[in-house]
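In what follows, a single structure is set out as structure tokens and then discussed.
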Amino acid sequence: MKAQALKECDPIVAKFAECAKGRTFSVIWACRAQSKETNACLHQYTNDEAFAKYKKLYEEETSQKL
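Going by our numbering, the first residue of the sequence shown is number 421, and it counts up by one from there.
Given below as structure tokens:
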């Protein structure tokens, strides 16, 4: 689930990483917009609804193996 989210949000995560490059504590303020955009994108793929979907898919796959 996490890997899929990172794959789908790769361009947005890359923008945040580019902003954060070379910064330490100032990344909190300087990259706030990119951070919020990254979190919003990742949330699309890691929320409770997505978890339920992956859980159902996993249960279907394991029940077929039995």
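Think of the CB as a built atom: it goes at the ideal place given N, C-alpha and C, for glycine as much as any other residue.
Here the structure is a predicted model, which is why all the values come from computation and not from measurement.
- Per the C-alpha coordinates, the member of Q424, T458, A425 positioned closest to A440 is T458.
- In the structure shown, C429 falls within a coil segment according to DSSP collapsed to helix, strand and coil.
- Contact between M421 and A470 is confirmed by a C-beta separation of about 7 Å, below the 8 Å threshold.
- The beta carbon of T466 sits closer than 7 Å to the beta carbons of M421, K422, A425 from its chain, once the five residues preceding and following it are set aside; these are given in chain order.
- In the assembly as shown, Q464 is an exposed residue. Its beta-carbon has fewer than 16 other beta-carbons within 10 Å.
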